[in-house]
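Reviewing the structure listed below.
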Amino acid sequence: MKILNFGSMNLDYTYHVEHFVQPGETLAAKEQKMAPGGKGLNQSVALAKAGAEVFHAGCIGIGGEALKTLLEENGVHTEYLHKVEELQGNAMIQVDSTGENCIILYGGSNRMISTEQIDETLEHFSAEDWLVLQNEVSNLEYMIEKASEKGMKVVLNPSPFEAFLEKLDYNNISWLLINEVEAHQLTGKTEADTVWNALHEKYPKLCLIMTMGVKGSYCFTPQEAIYQKVFPVETVDTTAAGDTFTGYFLQGMTNGLPLKECMEQAAKASAICVSREGAAIAIPMRTEVENFKF
Ligand code: RIB
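Have a look at this one:
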């Protein structure tokens, strides 16, 4: 079994501010940092730190070489990365005094993934393998369609949410990972059980993870429902908390760990992540997750 993440890689320009900038306001940042990020890259790093073997595919653009190095330093396979003559994808992130963030994305190189690259990459994978996706890359629907044709199991984090995601055939998705906002955008519902009922009725084989910030998270499968509380920490920066959760959950789930334990390790890893600054650099190692005292 192999895990392929066809995912975004961003240079994150993070600005620490007292509050999010308002329309018409010019706001001085208290601190500014540039660090590796992108939902795809963060998830691959989290998977690898958790102990999974993961292949990251996508496009490295102008200025993005350090992102490839970071993946390799974390043990992620990078042979399916292509180089493109386009600016590296990047994100402008505001982090306020409570650790909350808001993000503006520029797709850049992440939007240069072609159907040819997808076909070539998928040739190296088969029915026992997993494909992990987020909505920060080009040709997402094509990836889902081709991977499903091969019998690969697809995991989708439909973030950032766009209207076309409402029309996807979720029968081709094994696991959907969403937060409360995306859950509402997708189903029009807010409570976890009503979100699950709406999805389960339409897509009976789909499994769901719904994260709800400090309110914890739910895991729903056709057989069981598991609630996971949040482990309390001092919040410094919530960036990549969801990606960390995704990586640690998937590592456990693809290795046959009971779902309750997958949820617990994901929640612990995610708590450590929010107690630190940054995206990929804030993701903890497995030993830190195992030893952390909450
Ligand atoms: O999920 C966090 C990530 O979202 C950041 O690293 C940023 O690059 C955006 O993709």
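This note's numbering numbers the first residue of the sequence shown as 12 and each following residue consecutively. Each residue gets a CB set at the ideal place from its N, CA and C atoms; glycine is no exception.
Check                                                                                                      : Outcome
Pair within 8 Å by beta-carbon distance, Cys113 and Phe31                                                  : yes
The segment 164–173 contacting the segment 132–145, beta-carbon criterion three pairs below 8 Å            : yes
Ser120: CB within 7 Å of a non-hydrogen atom of ligand 1                                                   : no
Cβ separation of Ala138 and Arg297, assumed to be a contact under 8 Å, to the nearest whole Å              : Rounded, the Cβ-Cβ distance is 28 Å, inconsistent with contact.
Counted within 10 angstroms of its Cβ, other Cβ atoms place Thr126 as buried (16 or more) or exposed       : exposed
Completely contained alpha helix (DSSP H) runs for the segment 38–98, where each covers 4 or more residues : 50–61, 76–84
CB of Ala291 within 8 Å of CB of Leu58, strictly                                                           : no
Ile114 Cβ short of 7 Å to ligand 1 heavy atom set                                                          : yes
Cβ separation of Ile73 and Glu90, assumed to be a contact under 8 Å, to the nearest whole Å                : Rounded, the Cβ-Cβ distance is 21 Å, inconsistent with contact.
His27 - DSSP class collapsed to helix/strand/coil                                                          : strand
Best match in Lys271, Ala293, Leu210 for proximity to Cys230 [C-alpha to C-alpha]                          : Lys271
Presumed contact (8 Å Cβ cut-off) between Asp248 and Val106, rounded CB distance                           : 5 Å
Nearest-angstrom Cβ-Cβ length linking Ala251 and Gly118, presumed shorter than 8 Å                         : Wrong, their Cβ atoms sit about 18 Å apart, outside the cutoff.
Closest Cα partner of Gln54 within the set Val28, Gly86, Lys44, Tyr238                                     : Gly86
At least 3 beta-carbon pairs within less than 8 Å: the segment 146–162 vs the segment 179–196              : yes
Endpoints, beta strand (DSSP E) assigned at Asn168                                                         : 164–168
Option nearest Ile115 by Cα separation, candidates Met103, Met123, Lys226                                  : Met103
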